[in-house]
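Presented below is the structure to which this report refers.
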Amino acid sequence: MAAATDIQTVNIIVNGIELAVPKGELVVEAVKRLGLEIPIFCYHPRLKPVGMCRMCLVETGMKNPQDGTIRMMPKPAAACTLPVSEGLVINTESDALKKDRKGVLEFLLINHPLDCPICDRGGECPLQNNTLFYGPATSRFIEQKRHNVKAYPLSDYVTLDLERCIQCARCIRFTEEISGDSQLAFRFRGNKTHPITFNETKFTSKFSGNVIEICPVGALTNRKYRFRARPWDLQTSEAVCLNCSNGCNIWFDHRAGKVVRINARTNEAINEEWTCDKGKFGHDYYNDEKRLETPFARTGDELQKADYATVYAKLLEAFHGDNTGMILGDSLSNETYITAQNFFTGQLGSHNIDYRFSANQAKGASTVDNSIASLELAKTTLVFGTHLADDLPIVFLRVRKGWFNQGTQVILATDRSDEVSEFAAHTLVYKPGTEATIAKAFAGQVSVADAAAKCGISEPELQAAITAAAGATVITTTSLNHEAAEVLKALDGNFNAYPTGANERGAQLALACDGLSALEQLKKAANGELSALWVVGVDLFSVGLPREEVIRALENVDFLAVQDSRRTETFYYASVALPMTLPAEQDGSYTNCEGTTQQMKAIIPPVGQAKPAWRVFEELSIRVNPRMPFSQASEILASAPAFA
Amino acid sequence: MSELIQLGSHNERPMPPKADELNLRFSEQAIKELEGLKTHYPNLKACILPGLWIAQREYGGFLDGDAIAEVAHRLSRSYAEVQGVATFYSMYNTVHNPGKHKIEVCTCLSCHFNSAYRIRDYVSKKLGIKNGETTADGMFMLEEVECLNACDRAPVVQVGDRYFGPVDEKSIDALLEELRASEESTVVKMADQIVQVQLKAEERVGTIR
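First to last, the sequence lines map onto chains A and B.
Quick note: the first sequence uses the numbering used here, first residue 1368, plus one each step.
Quick note: the second sequence uses the numbering used here, first residue 6, plus one each step.
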């Protein structure tokens, strides 16, 4: 690291050991360089220090530069708010400190209900752990404890237990500094202080799940996980969230083959240690009652359970030649896309294979100049035509972090104001459908006055935003109007059209898409011109197409094969159906919006007879053309040059 | 709103109000004053306290959710943050509606020695209200407060920005009669005076009450 030489260091002494640490680093961080740990509650490395809990007390002193004598301060100081300076002497272990910590913990525990046996946090609670290591073994407090509201539903996801709260303000600082919605604050003071939303309204933050994880006690708990398991009963596995294209790293906590909860797993390059609510609380589909467990084949009007051999025979009979089509979802594994392409085009000879449902998406592939992590370093960012907190939540956090930490100038151009407009320097709300005009105004191809009039924006506002956006890093999604995307791409700065489908990027790399597009296939099917259609991992009724068109297409196609994990609405139109495993039930790799390919191992057993989609394609493939099939997901990925 | 959360339905929490759902009640004078005050501070966060004083005057002495939401909206701060600030300070009336006159009885040491509790009980009995309650006609509120820094006049009672003391039953009777007869709310008057004190001379819009 070349940059490391520029960092100014100071010499400090920790527990008698001399070391050089970057100037201005907090003591609580500096001692970690020696492998020491100071007990903390309110301090969080990603939040600004406040020094509320007083748990991190250390003894400090100064070394005299002339004669080298050390003079200690008479009282301990909070390590979380003390930056290191030249000659600072720190003691993290002493009898006095043991007493201090014991005293602080005794105070914190005065009003804590100690209901650990019925607390969701019990077993993974920093207060429990710190009390075990540093606290008093028994309580001297015999008076009535403060009583307060328990199990208060702050939102659909978060439960608040005020008796357990130790007023560390981590949740409050999270909503102020990271998610930016500032929906929590301390109300009242002294003994009555409690964190709560304005007038007890719903906590509507799109990142509310994170406060559960950073809460150092059991005051904020997960409503969906409440009383479902104890932490020590859970098996925890590394996984990747596939609810959107950011590809957050998660801990997948499961018990007896069922997913119980999702926690964030630290990955500095992608999600740091945050998740969005869609990811953290959106994995119910694993335990869905409508999971498809066996193959089905249609006999007359009825779909009846069948075996794989029957279904395979029917599939191979129906699919051959260019008059057939395959439509894949955008959240399948790379291996599925690779084998689908090989099998469908290579073995069955049809080029009609596609994953895109919007015309804009079909015209322009995603272009990415910036990794997610590099977005926080951008000087100017133009967020165009997307609602970041909904479409790309983790990108939203990065953009906000850039603004919060180093004042990135953010310009927002979109069809309604959203979370980004809270901190954007310029917000342009244009009339829907005028994306191309406003993009051309940014490129100077249309006069500002004309564009302002057409898009319903005031001219000075637009002019100011255009001036500010010179050389900006553009962030948009692949579903942006194609014309607008082309114009923005030609601008000076970096251009990022991030895909929004969980593995849209992988599909784009693996699939040739040189035949009929998904929309064309459906159109042809509706006219009765398509002999067979294969739908893999997508419910055609939930992709935003007009219902009647989908119904017409599904009813008029001669043979419909559906391969999915659930009995979706499309399933009921199927001629044959195959059960498919979900990401945590199979080995696989997924490429996120910035192009990072992440591996995922099978964590829980598949439901019923469900198979990974790539295995089905391989099994069919060797029936058409006998050869040595791929037996592992990793072999498939290694065989594809696009993912090398 | 009580000091502790009222437990509502377990499933339905009201949503925080959107900007266009707010019922804004600041008068033109208040808006002008707030514009003036905004220029006194480096950022809008610092303007929350004077903003709340304006709201306390405009909303008749009681900072309910609407008042707090309006201040937050006008200062571009979050609702929760402004409510946190308002509830922290006891001179903002966020918990109970103080009515027209807030009778604050000092119960600290010197006043206690000089029968502050007797005075408190007398007022309480006479008005039929307890500590922290407001009379049914919305005229008086009784509150026990900590030291008012007027031990020489113990037992002392504060109404609005005026101290009365030493008080006894007779002077309390006279005080209540006087307050009942007055048109003006001492709570609103005090809020107004605090606003005026913070404004520069050229920024004052209304007449000082």
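Don't be surprised by glycine CBs; every beta carbon is placed ideally from N, CA and C.
Note that the structure is a prediction, hence the values are computed from the model and not measured.
Using C-beta distances below 7 Å, list every residue in its chain close to C116 of chain B, excluding the 5 sequence neighbours before and after it, in chain order.
A159, P160, V161
Going by alpha carbons, who is nearest to V110 of chain B out of B:L57, B:F169, B:C52?
B:F169
Based on the DSSP output, what are the partners of I1918 of chain A in its beta bridges?
None, per the DSSP bridge assignment.
Helix, strand or coil at Y1501 of chain A according to DSSP, with G and I counted as helix:
helix
Is E1552 of chain A close to chain B? Criterion is C-beta to C-beta, closer than 9 Å.
A small fix is needed here, since residue 1552 of chain A is Ala in this sequence, not Glu. Yes, because at least one Cβ of chain B sits closer than 9 Å to the Cβ of A1552 of chain A.
If you follow the alpha helix (DSSP H) that S1988 of chain A is part of, which residue opens it and which one closes it?
1980 to 1991
Counting only Cβ pairs nearer than 7 Å, list the residues of chain B close to R1556 of chain A.
F93
Could you work out which residues of chain B lie near S1522 of chain A, taking near to mean beta carbons separated by less than 8 Å?
R18
Less than 9 Å between CB atoms is the rule here; does R82 of chain B satisfy it with respect to chain A?
yes
Using the three-state DSSP reduction, which class does K1442 of chain A fall into: helix, strand or coil?
coil
Apart from the five residues just before and just after L80 of chain B, which ones in its own chain have a Cβ nearer than 7 Å to its Cβ?
L49, C52, I53, G56
Please identify, using Cβ separations under 9 Å, the residues of the segment 1566 to 1599 of chain A that lie next to chain B, in order along the chain.
N1566, E1567, T1568, K1569, F1570, T1571
Strictly under 9 Å for the Cβ-Cβ distance: is E1510 of chain A near chain B by that measure?
no
Between which two residues does the beta strand (DSSP E) containing L27 of chain B stretch?
Premise fails: L27 of chain B is in no beta strand (DSSP E) and is neither H nor E.
With a CB to CB cut of under 7 Å and the five nearest residues on each side skipped, what residues in its chain are close to T1794 of chain A?
L1779, S1784, S1788
In the structure shown, what three-state DSSP assignment does R1994 of chain A receive?
coil
Cβ-based burial, G1435 of chain A [other Cβ within 10 Å; buried from 16]
exposed
In the DSSP assignment, what residue or residues form a beta bridge with P1946 of chain A?
A:D1931
Using three-state DSSP, classify V1584 of chain A as helix, strand or coil.
coil
Please report whether the beta-carbon of E148 of chain B lies at a distance below 9 Å from any beta-carbon of chain A.
no
Where in the segment 1716 to 1797 of chain A do unbroken runs of the alpha helix (DSSP H), each at least 4 residues long, occur, reported from the N-terminal end onward?
1726 to 1730, 1755 to 1758, 1760 to 1773
Look up L1455 of chain A in the DSSP assignment and give the residues it is bridged to.
A:M1429
Output the distance between the C-alpha atoms of F1553 of chain A and A1536 of chain A, rounded to the nearest integer angstrom.
8 Å
Do you know how far the Cα of T1845 of chain A is from the Cα of T1691 of chain A?
27 Å
Nearest neighbour of Y84 of chain B, chosen from A:G1962, A:Q1965, A:K1569 [CA to CA]
A:K1569
With a cut-off of 9 Å, does the C-beta of Q85 of chain B fall near any C-beta of chain A?
Correcting the residue identity first, residue 85 of chain B is Ala in this sequence and not Gln. Cβ-Cβ to chain A under 9 Å: yes for A85 of chain B.
Just to confirm my understanding: we take G1838 of chain A, look at its own chain, exclude 5 residues before and 5 after, and list those with CB closer than 7 Å. What are they?
T1747, D1859, G1860
Buried versus exposed call for Y1797 of chain A [16 or more other C-beta atoms within 10 Å across all chains shown]
buried
Given 8 Å as the limit, is there contact between the segment 1936 to 1944 of chain A and the segment 1903 to 1917 of chain A, that is, 3 or more CB pairs closer than that?
yes
Burial state of I1374 of chain A, where buried means 16 or more other Cβ atoms lie within 10 Å:
exposed
Continuous beta strand (DSSP E) stretch holding R1556 of chain A: start and end:
Where R1556 of chain A is concerned, there is no enclosing beta strand (DSSP E), given that its DSSP letter is neither H nor E.
Just checking my contact of I1437 of chain A with V1398 of chain A at CB under 8 Å: how many whole Å lie between their CB atoms?
The pair is not a contact, with the Cβ atoms about 17 Å apart (cut-off 8 Å).
When Cβ atoms are compared, which residues of the segment 62 to 74 of chain B fall closer than 8 Å to chain A?
G70, I73, A74
Nearest CA to the CA of A1864 of chain A: which residue from A:F1926, A:I1761, A:D1651, A:N1737?
A:N1737
If you draw a straight line from the C-alpha of D1668 of chain A to the C-alpha of V1924 of chain A, how long is it?
15 Å
Taking only the alpha-carbon atoms, compute the straight-line gap between M1693 of chain A and V1983 of chain A and give it to the nearest angstrom.
14 Å
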